[in-house]
Amino acid sequence: MTKRSKSTTLVKKRKRNYDNKGLLFIAPWLLGFLALQLYPMLSSLYYSFTDYSMGTDINWVGIKNYIDIFTRDPYFFQSVKVTLIYVVVAVPLKLAFALFIAVILNQKLKGINFFRAAFYIPSILAGSISIAILWKALFIKDGFINNLLGNVGIDPISWYGTPGMALFTICILTMWQFGSSMILFLAGLQQIPYNLTEAAQIDGAGKVRIFFKVTLPMLTPTIFFNVIMQTINAFQEYTSAAIITHGGPVYGTYLYGLKLYEEAFSNWRMGYACALSWILFIVILLFTIIMFATSKKWVYYEDGGVFDV
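Just so you know, this note's numbering puts 227 at position 226 of the sequence shown, and the rest follows in order with no gaps.
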């Protein structure tokens, strides 16, 4: 064997060793992904074509579950309608409020780090049952919110008395848990080059014009990410509707996540619930594809796009 062949063989052996070590390091994640994500996902796809309930035999029914969902389920379209309203109202409110607070917290003020931490705390508790119970107590007829309104001469509001008001109450809870979006907006604001703002000021642009012509376009990548993540979370919302309103009144807060849960763990229709979950997956997938397809028209980066100040 020549010296060159020996060198080539040694290089290949070292490469195999590096590859094996790499696989060893990612093995825990890879096993977790296969056992806890990929296998359950593929299993749910299979079950969605079966008539399967806990403790019973699995019977293949083809697309019957999907046909029943769209033609025989009296509450499917109601849950879709309520969920879409919730997404359209809650997500913009949450992101607008998060951006507003992020702009304030981006100022150089004394003790600003304390306020940044304080405003983030609600997001740590996001989705917890205890917060949902507390929120329900705040908005009951003789709760803290109505007592506070009474002190300023406003009659008590029946927050859970009508479908629209009950859904709005849940949207307020979502908006209150804005911390994660705020942190991302704050990071995005701090990454905007100061020379852009300075140039706009020299050209005579005011604060409002600078915000809409410089700050907001430079922040669109962060807005893009937040819109996708918060919309996905909103489509899957379950806790607030289940704990605060139980889907009422008259199914006015019957979110898709609540319906999916009831089919799976109240009616024990696992195959039917799996079909519902795959419909939700397709809806979220289509939304994400549309967002990425349209992002070129409104998402701007520092190395591209023209800002007309």
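Just so it is clear, CB atoms sit at the ideal spot from N, CA and C, and this is done for glycine as well.
Point to revise | Buried versus exposed, by CB contacts within 10 Å (16 or more), residue 256 | key: With 16 or more other Cβ atoms within 10 Å, it is buried.
Review point. Beta carbon of residue 134: closer than 7 Å to some heavy atom of the ligand GTP?
Key: No copy of the ligand GTP occurs in the structure displayed, which carries no ligand at all.
Check your understanding: Buried or exposed: residue 270, going by 16 or more other Cβ atoms within 10 Å of its Cβ?
Key -> Result: buried.
Practice item. Note the first and the last residue of the continuous alpha helix (DSSP H) segment covering residue 38. Key: Note, residue 38: premise wrong, no alpha helix (DSSP H); not H, not E.
Exercise for review: Thinking residue 245 and residue 137 are a contact (beta carbons under 8 Å), I'd like their distance in whole angstroms, please.
Suggested key: Taking the Cβ atoms as the reference, residue 245 lies roughly 4 Å from residue 137, within the contact range of under 8 Å.
Review point. From which residue to which residue does the alpha helix (DSSP H) around residue 161 run?
Key: From DSSP, residue 161 is part of no alpha helix (DSSP H); its letter is neither H nor E.
Practice item. With a 10 Å radius around its C-beta and 16 neighbouring C-beta atoms as the bar for buried, classify residue 278 as buried or exposed. Key: Classification for residue 278: buried.
Exercise for review: Determine the extent of the alpha helix (DSSP H) in which residue 80 is found, giving its start and end residues.
Suggested key: It spans 77-106 - the alpha helix (DSSP H) in which residue 80 sits, taken as one unbroken run.
Review point. CA-CA distance, residue 66 and residue 272?
Key: Here the C-alpha atom of residue 66 lies approximately 7 Å from the C-alpha atom of residue 272.
Review point. Should the stretch 81-94 be regarded as contacting the stretch 157-175, the criterion being three or more beta carbon pairs within less than 8 Å?
Key: At 8 Å Cβ cutoff, the stretches touch.
Exercise for review: Count the CB pairs spanning the stretch 203-215 and the stretch 142-155 that are closer than 8 Å, and state whether there are at least three.
Suggested key: Pairwise C-beta distances place the stretch 203-215 out of contact with the stretch 142-155, as fewer than three of them are shorter than 8 Å.
Check your understanding: With burial defined as no fewer than 16 other Cβ atoms inside 10 Å of the residue's Cβ, what is the status of residue 264: buried or exposed?
Key -> Buried, since its Cβ has 16 or more Cβ neighbours within 10 Å.
Exercise for review: Would you decide whether residue 218 is buried or exposed? Buried here means 16 or more other CB atoms lie within 10 Å of its CB.
Suggested key: It counts as buried.
Practice item. Check whether the Cβ atoms of residue 180 and residue 225 lie closer than 8 Å to each other. Key: Cβ distance not < 8 Å, so residue 180 and residue 225 don't count as in contact.
Review point. In chain order, what residues of the same chain lie with their CB nearer than 6 Å to the CB of residue 140, ignoring the 5 residues before and after it?
Key: Closer than 6 Å at the Cβ level, and outside the excluded window around residue 140, lie 146, 160 and 170.
Review point. Under a CB-based cut-off of 8 Å, is residue 134 close to chain C?
Key: Structure shown: chain C not included; a single protein chain is present.
Point to revise | Close beta carbons around residue 306, own chain, < 6 Å, minus the five adjacent residues each side | key: With a pLDDT of only 49 at residue 306, under 50, the local geometry of the prediction cannot be trusted, and the value read off the model is given with reservation. Here the set comprises nothing.
Review point. What do you reckon, are the CB atoms on residue 50 and residue 33 nearer than 8 Å?
Key: No, the Cβ-Cβ distance between residue 50 and residue 33 is not below 8 Å.
Point to revise | CA-to-CA distance, residue 105 to residue 203, given in whole angstroms | key: Roughly 23 Å between the two C-alpha positions.
Check your understanding: If you drop the 5 nearest sequence neighbours on each side, which residues of the same chain put their C-beta closer than 6 Å to that of residue 177?
Key -> Closer than 6 Å at the Cβ level, and outside the excluded window around residue 177, lie 123.
Check your understanding: What separation, rounded to the nearest whole angstrom, lies between the Cα atoms of residue 110 and residue 197?
Key -> The alpha-carbon atoms of residue 110 and residue 197 are separated by roughly 22 Å.
Exercise for review: Just confirm the distance between the C-beta atoms of residue 132 and residue 126, as a whole number of angstroms; I'd bet it's less than 8 Å.
Suggested key: About 5 Å; that satisfies the 8 Å criterion.
Exercise for review: Check whether the stretch 95-103 touches the stretch 181-197, taking contact to mean three or more Cβ pairs, one atom from each stretch, closer than 8 Å.
Suggested key: In short, these stretches touch, since the Cβ pair count reaches three.
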